[in-house]
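In the working numbering, the protein residues as written are 111 to 595.
All C-beta atoms, glycine included, are put in the ideal place defined by N, C-alpha and C.
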Ligand code: BG6
């Protein structure tokens with residue numbers, strides 16, 4: 111077995127825990143199949159799947175086929191039989207040490223290395239790692255990826271991180287935040303750092319505020335127990351939204367590599383000012399209609415009363431020179447009117463308008479980065495409405511629009527997990543979250559939760575299909591801002 115701790119190796123074994131779970135069915139198996147179809151997996155890569163269910167390999171391949179046929183478009187499947195032939199299945203109860211012996215036998219001796227993916231409940235991370243260590247699967251030629259949630263607060267996250275660190279050094283730990291695998295999220299870096307015109311303006315002198323919205327139409331989606339324990343703040347803001355904020359606010363890294371990018375992100379996360387209670391709003395949806403369909407309230411879906419928030423809005427501040435006095439408004443909710451993730455950068459007004467005497471009003475420029483479902487970048491610029499001078503000058507904002515799928519129509523739009531799985535196999539950590547980032551994220555989130563606990567207030571209610579409680583509108587309006595809707 112080749113053991114080289116410094117050079118990333120391309121794994122020839124992938125070991126997937128939680129292989130029968132929801133994420134595996136919807137994302138991981140389809141992503142692996144799509145990578146295989148595009149010839150991006152080495153011929154000798156074998157995939158060992160495991161979970162508690164008592165399948166044999168044939169039974170699991172059948173299960174995997176059904177998942178792929180359901181969640182991967184036919185045009186991206188390639189030869190499904192060839193892909194399925196890569197897979198073996200070993201049932202393992204993560205809590206029973208004996209199960210790992212059989213697993214180690216099936217994994218065998220990788221020629222180059224092993225990539226492990228834990229897509230299980232975090233409570234199983236520790237026993238799983240102990241089991242892997244006992245059978246010798248945590249050596250220098252294996253690396254491990256961990257799915258969220260990485261803890262429920264700073265203390266539990268540190269506990270998980272410590273347990274993983276006892277068996278793997280940081281350079282072999284891959285913490286997943288699937289937002290970092292999204293094409294448009296990476297495009298944010300291209301926009302900022304591959305163009306000359308934004309960076310000189312990307313600061314408090316020229317930017318008035320930033321809005322980050324992650325709006326979802328879905329409700330609990332059967333994840334009753336998990337969601338009611340987590341809530342919107344921990345489910346989405348702690349990870350995905352803070353990563354988006356960090357990418358928007360970070361200083362230019364010196365290169366696109368894992369250390370340089372993550373060094374810059376963590377500085378932003380550590381510069382987040384503790385928010386005051388008046389800078390947060392939490393909400394919980396009540397029965398309403400989304401997309402013309404009647405939907406029940408959160409309490410009805412849950413079957414009991416609860417103080418868990420399904421909506422959160424926060425006015426955040428990054429305390430450094432670049433962002434002095436520029437609020438970052440974050441907003442996320444379930445059962446909102448549309449599914450839309452976007453970042454809006456609102457520039458300041460021009461210092462002096464030469465058109466004012468002619469009756470023309472100018473509006474500040476806005477850069478709108480649509481992350482999903484539409485991937486587009488739109489820069490709103492002021493333009494003259496055609497007409498003669500005798501009528502005065504009229505100006506109107508018009509968008510310079512780039513729809514990414516049109517600009518790159520020949521390119522396949524990939525699932526975020528395709529990129530993340532491939533990076534895991536090849537050992538590139540750039541799009542994975544480092545321990546110091548996760549811990550800085552939790553520190554900020556814990557302080558918000560402590561404020562909420564002290565206030566003892568319940569979340570404000572909002573009607574499903576609306577943009578959240580009116581207090582969220584008021585939060586923005588107090589700063590002279592309107593949410594982009
Ligand atoms: C997950 C959250 O991390 O992200 C879910 O647990 C949420 O609640 C999902 O629905 C959103 O992901 P995406 O890629 O659909 O925006």
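Taken in chain order, the complete beta strand (DSSP E) segments of 3 residues or longer contained in the region 206-273 are 224-228, 252-256. A direct Cα-Cα distance of roughly 13 Å separates residue 198 from residue 192.
Of the residues assessed, residue 170 falls on the buried side of the cut-off, its CB having 16 or more other CB atoms within 10 angstroms. Judged by pairs of C-beta atoms under 8 Å, the region 547-558 does not touch the region 158-177, as fewer than three such pairs exist. Classified as buried, residue 137 has 16 or more neighbouring CB atoms from the shown chains inside 10 Å of its CB. For a cut-off of 8 Å, the C-beta gap from residue 344 to residue 259 is around 7 Å, short enough to register as a contact. Residue environment: residue 206 is assigned as exposed (fewer than 16 neighbouring CB atoms within 10 Å of its CB, all protein chains considered). Residue 451 has its Cβ nearer than 8 Å to a heavy atom of the ligand BG6.
In the same chain as residue 289, and ignoring 5 residues on each side of it, the C-beta atoms closer than 6 Å to its own belong to 295, 350, 353, in chain order.
In this structure, residue 325 sits near residue 442, with a CB-CB distance shorter than 9 Å. If you check the C-beta of residue 345 against the ligand BG6, you find a heavy atom less than 8 Å away. Here the alpha carbons of residue 496 and residue 335 stand approximately 58 Å from one another.
Non-local C-beta neighbours of residue 212 in its own chain, meaning closer than 8 Å and more than five positions away in sequence, comprise 200, 202, ordered along the chain.
Ranking 567, 561, 445, 435 by CA distance to the CA of residue 458 puts 435 first.
Taking 8 Å as the cut-off, one finds at least one heavy atom of the ligand BG6 near enough to the beta carbon of residue 526. Following the DSSP letters along the chain, one finds residue 403 inside the beta strand (DSSP E) bounded by residues 403-405. Distances taken from the Cβ of residue 349 to the heavy atoms of the ligand BG6 include one shorter than 8 Å.
No Cβ-Cβ contact shorter than 9 Å links residue 413 with residue 405.
In the structure shown, the three-state DSSP call for residue 492 is strand. For residue 393, the enclosing beta strand (DSSP E) starts and ends at 390-396. Per DSSP, residue 540 lies in no beta strand (DSSP E) segment and is marked neither H nor E. Nearest to residue 409 by C-alpha distance, out of 145, 571, 579, is 571. Counting C-beta pairs with one atom in each stretch, the region 451-470 and the region 304-319 have three or more that are closer than 8 Å, which means they touch.
Pairing residue 131 with residue 229 gives a Cβ-Cβ distance under 9 Å. Boundaries of the alpha helix (DSSP H) around residue 172: 167-181.
Residues 245, 246, 247 of the same chain have their beta carbon placed closer than 7 Å to that of residue 214, with the five preceding and five following residues left out of the count.
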